[in-house]
Each structure stands twice: as C-alpha cells, then as structure tokens.
Amino acid sequence: MKCNLLVLGAGESGVSAALLAQEKGYRPFVSDSGTIRPEMKAVLTKAAVPYEEGGHQLPYLKDTEEVIKSPGIPDSAEVVRRCEALGLPILSEIEFAARYTTPKQLISITGSNGKTTTTTLIDLALRAAGVQSVACGNIGDSLAREVMEGGADVYTMELSSFQLDHMYRTHSHIALLLNITPDHLDRYDHQLINYARAKWRVFQNQGAGDYAIINADDPHIAELQQEAPLQAEFVKTFSTRNPKASAYFDGQLIHFKGGVTYDYTQFLLKGQHNAENIMAVGLALQAYGVDIDRQEVRKCLSTFGGVRHRTQLVGTWHGVTFINDSKGTNLDATAHALGAMPDAKTVLLLGGTDKGNDYSLIFDLVKAKAKALIFLTLDTDKLHRSFDCLALPTTVAHSMAEAFEQITALDLSEGDVVLLSPACASFDLFKNYEDRGDQFIDAFEALS
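Numbering (our numbering), first residue to last: 17 to 464.
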C-alpha cells in the first residue's frame with residue numbers, strides 16, 4: 017500500500033496525527049530520526065501504520081501529498097528541506113487536526129510565559145461553568161488525540177511558537193497573546209521579531225465575531241499590531257498601567273469592564289505576572305459567554321495554587337524552602353521567579369540548553385537575590401563568563417543528584433531558598449522540563 021501522508025516525528029503528537037489521518041482516510045507513514053519509544057511502536061503496529069526509525073529513508077516520498085512535522089524538528093533539518101524542495105505542504109499537527117473542528121471550538125493561548133497557567137485556568141473555569149472543555153496542545157494530550165476521542169465543546173489549546181510556525185488555515189474563535197520576551201531565538205535566526213511574528217500567527221484568519229485578547233503593556237505586541245493589525249471584531253486588552261483597558265490590575269483589585277471586580281489579595285496565585293494571567297483568563301471566559309461573577313468561577317480562579325514545575329513549592333528542609341520552577345526555560349520566567357525570592361538568600365540552579373540568552377538581563381537580579389549558584393548543565397562557558405564576576409560561591413553539576421550533593425554541602429540557614437529556575441531548555445541532561453522538575457522533587461524527597 018502506498019502512503020500519501022508523511023508524519024515526521026513519532027512522539028505523542030506525531031503518532032496521534034497519524035492515527036487521526038488514518039481515521040480520516042489518509043494512508044500515513046511515520047518517520048523518526050531517533051529511536052521510537054516502545055509504547056509508540058505498539059500503538060502504530062496495532063493500527064497497522066507503517067513507520068521507520070533511526071533515519072529518514074522515506075520510501076513513499078514520491079507518493080506523499082502532505083507532510084505533518086512535529087514541533088521539535090527545526091525547519092533547518094535536512095529532511096524538512098528535502099520535502100520543501102519537492103514543493104510538499106508542511107503542516108503542524110495542530111493545523112491538521114484543526115481541520116476536523118470548527119472555529120467556535122478553538123480557544124488558543126500563546127505567549128513567552130504564563131501559557132500553561134492561563135490555559136489550565138481557562139479549562140478549569142469553563143468546566144466549572146458546565147462547558148465540556150479539554151486542555152490540549154502543548155499541555156495534556158495533542159489536539160489530534162482529543163479530536164479522535166470527541167465529546168468536547170471546546171479545545172483550550174496552549175500553543176508554542178513551534179506549533180504556530182506551520183499553521184495556515186487554523187481559525188480560533190478566541191485567541192490570546194500574553195506577552196513576548198526573548199525565547200527560542202536559536203530557532204529564529206536570533207531575531208526577536210521572527211519569534212514574535214510566529215506568536216502573532218495565533219490570530220490568523222480571525223474576523224467577524226472573533227476575539228483577540230492581548231497584553232496592552234507589551235511593546236513587542238504593540239509593534240506587531242502596527243505591522244499587521246488584528247482582524248478580530250473584538251480586541252480585548254489587559255493592563256497594569258491603563259485603567260481604560262478591558263481588564264485592569266491596580267496592585268490589589270482586578271477590574272473588568274462591566275463592573276466585575278476580583279480582590280487579588282485573596283487569590284492563592286501571587287505576583288503581577290499571575291494577575292496578568294487572571295485578567296487574560298477572565299477576558300477569555302467572558303468572550304466565551306461565561307459569567308465571571310459566578311461563584312463557581314470565582315472559587316475556581318481564587319483557589320488555584322499553580323501548575324506543576326512553575327514556581328511550585330516542593331517543601332522545606334531544615335528551614336530551607338525548595339521551589340521547582342523547571343518550566344522557567346527563558347530569562348523572563350527566571351526573572352519573575354527570582355524577583356519573588358528574598359534578597360541574598362537564594363541558591364539558584366541555572367543552565368541547560370542555551371537558547372541565545374543574554375544573561376545581562378538578569379545580572380542585577382542574580383546579584384541582589386542569590387547567595388550561591390549551581391550551573392546544572394554540560395556547557396558552562398557562557399554562564400561562567402556572565403556570572404563569575406559576582407564572586408558568588410559557584411559549582412557545576414552534571415546531574416540532579418550531584419546538584420543536591422552540592423546543595424547539602426552549602427552553609428544554609430533558616431529562611432534560605434533553593435530555586436530551580438534554569439532559564440534554559442532541559443535537553444542536555446534531561447528528557448524535558450518535566451523530567452528535570454520531577455528529578456528535583458525526587459531529590460528533595462530523598463533528603464528526608
């Protein structure tokens with residue numbers, strides 16, 4: 017049997033896309049340059065979907081009509097260029113799966129930071145209001161898998177820039193852009209504007225009846241709005257500076273146009289960045305038609321304690337607090353986390369796969385907050401160049417176990433904090449940021 021759809025990458029999104037394609041009448045072939053996980057092989061074998069691993073031989077390329085590319089594969093990869101040279105359309109899994117939804121079913125959330133918190137809260141609050149929502153995309157299961165399972169009123173999607181890169185016709189009724197700070201610049205020719213334009217794609221194809229929700233205080237978003245004005249009928253803004261925005265945080269209260277007010281001091285989430293997330297959530301819920309003054313919604317938002325691996329309080333050991341911010345994979349996220357720490361009392365675990373970071377952006381924060389640094393990475397040259405001048409106690413660890421050996425050897429006092437907020441991707445030492453965070457939690461639990 018000749019295959020007419022090529023899927024590059026056999027992770028969860030790639031395998032789910034292949035299964036959905038098969039369900040819709042395509043003949044998919046899955047190709048992965050690495051070793052496919054046994055559980056994914058079992059799924060493909062059971063479904064009789066042919067696959068290859070350890071390289072891209074692509075035996076059915078001449079019969080291929082479309083290519084679905086997993087987000088982890090860069091456009092610069094040889095296999096991608098080979099497909100492009102043949103003029104083959106290259107899609108993301110989201111773009112393919114969205115064909116089998118309607119715009120009214122799609123709420124799409126992107127941004128450099130806060131995506132997971134915002135997506136999770138929108139999903140939880142919708143369900144609290146009786147809407148059958150599923151959180152998917154960059155968290156939870158893939159959109160393709162959720163579309164196959166069916167039954168959802170709305171797909172609440174966290175979208176990364178990599179997922180947005182190959183989306184063309186996807187049309188979200190409600191789309192949110194939370195903020196733009198330097199991230200993944202290694203994939204965007206080290207140009208922030210290229211990364212920002214990828215984020216802006218979340219609003220593509222919007223028009224009458226649609227909602228675009230943006231951070232009114234973000235200068236990069238303002239620049240994009242000038243370059244490519246939003247086409248959504250309703251543009252809603254949130255701000256910590258402008259009381260005339262659709263949602264405004266005055267440092268204590270969150271004010272929504274229409275009269276609803278939240279006392280943010282009573283929320284479990286803390287920090288201005290989380291107040292911005294709450295404003296975005298409230299605006300998205302209103303756009304969907306949910307009364308955000310409902311008791312169930314208020315309770316859902318105010319009692320939410322945060323997501324795993326995002327400034328997650330792990331516990332205390334001899335009066336020292338351990339915080340897991342493994343999802344802090346860029347400088348802005350680490351700045352938010354470090355900014356909430358006490359002065360000169362933080363042991364900062366920093367490093368990983370660098371994404372073009374300019375560490376000078378957090379130099380003053382590190383100087384003010386840190387009492388020691390642990391570089392948790394294989395490549396430490398750039399970190400040493402950036403921070404050695406601070407003359408802080410600094411060590412290098414090549415595993416989480418080694419990092420914890422170094423932590424326990426430090427002269428720690430009650431009230432100190434150990435913060436894992438790497439400002440980098442995790443792939444040099446760990447499977448992903450979840451694995452890094454889980455190992456941090458496991459190592460903490462082993463202390464006691």
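Built from N, CA and C at the ideal position, the CB exists for glycine as well.
A Cβ-Cβ contact shorter than 8 Å links G130 with L194. DSSP, read as helix, strand or coil, puts G331 in strand. Residues F338 and F460 of the same chain have their beta carbon placed closer than 7 Å to that of G331, with the five preceding and five following residues left out of the count. Judged by their CB atoms, L436 and S342 are nearer to each other than the 8 Å cut-off.
Taking E312 as the centre and dropping the five residues before and after it, the same chain places the C-beta of A144 closer than 6 Å to its C-beta, in chain order. Taking C-alpha positions only, T136 is separated from T61 by approximately 33 Å.
In this structure, Q242 sits away from Q222, with a CB-CB distance that is not shorter than 8 Å. Scanning the region 226-297 for uninterrupted alpha helix (DSSP H) segments of 4 residues or longer gives 235-243, listed from N- to C-terminal end. Using a 10 angstroms sphere on the CB of Y278, the tally of other CB atoms reaches 16 or more, which defines it as buried.
Taking the Cα positions, V65 is about 12 Å away from G30. In this structure, L389 is the residue among L389, V150 and A113 with its C-alpha nearest to the C-alpha of T362. In the assembly as shown, K447 is an exposed residue. Its beta-carbon has fewer than 16 other beta-carbons within 10 Å. The three-state reading of DSSP puts N340 in strand, counting E and B together. The residue from T134, G274, V163 and A356 with its alpha-carbon nearest to that of A191 is T134. A check of alpha carbon separations from G153 across I110, R115 and F178 identifies I110 as the nearest. In this structure, L159 lies near A114, with their beta-carbon atoms less than 8 Å apart. Within the region 17-99, the runs of beta strand (DSSP E) at least 3 residues long that lie entirely inside it are, in chain order, 21-24, 44-48, 67-69 and 82-85. Bounds of the alpha helix (DSSP H) holding C316 are Q311 to S318.
Proximity of the region 263-283 to the region 317-327 meets the contact definition, three or more beta-carbon pairs being nearer than 8 Å.
Ranked by Cα distance from K78, the first of L102, A263 and V96 is L102. Positions of the beta strand (DSSP E) runs, each at least 3 residues long and wholly inside the region 372-416, are given as 386-392 and 410-413 in order along the chain.
Rounded to the nearest whole angstrom, the C-alpha separation of G322 and W216 is 26 Å.
In the three-state reduction of the DSSP assignment, G431 falls in the coil class, being assigned neither a helical nor a strand state.
Between the beta-carbon of L347 and that of L377 there is about 5 Å, and that keeps the pair under the 8 Å contact cut. Ranked by how close their Cα comes to the Cα of P245, the residues D266, G156 and F219 have F219 in first place. Separation of C19 and V163 (C-alpha to C-alpha, rounded to the nearest whole angstrom) is 22 Å. Going by beta carbons, E82 and L21 fall inside the 8 Å limit. Inter-residue distance for D374 and D202 is about 12 Å (C-alpha atoms, whole angstroms). A straight line joining the alpha-carbon of I155 with that of E69 spans about 25 Å. One thing to note: Y449 has its Cβ within 8 Å of the Cβ of T345. Pairing I123 with S32 gives a Cβ-Cβ distance that is not under 8 Å. For M164, the three-state secondary structure derived from DSSP is helix.
According to DSSP, M173 shares a beta bridge with S124 and C152. For T424, the number of other beta carbons within 10 angstroms of its own is below 16, and it is reported as exposed.
Counting along the chain, the unbroken beta strand (DSSP E) around L366 starts and ends at T362 to L366.
Under the criterion of beta carbons closer than 8 Å, D444 and T393 qualify as touching, at roughly 6 Å.
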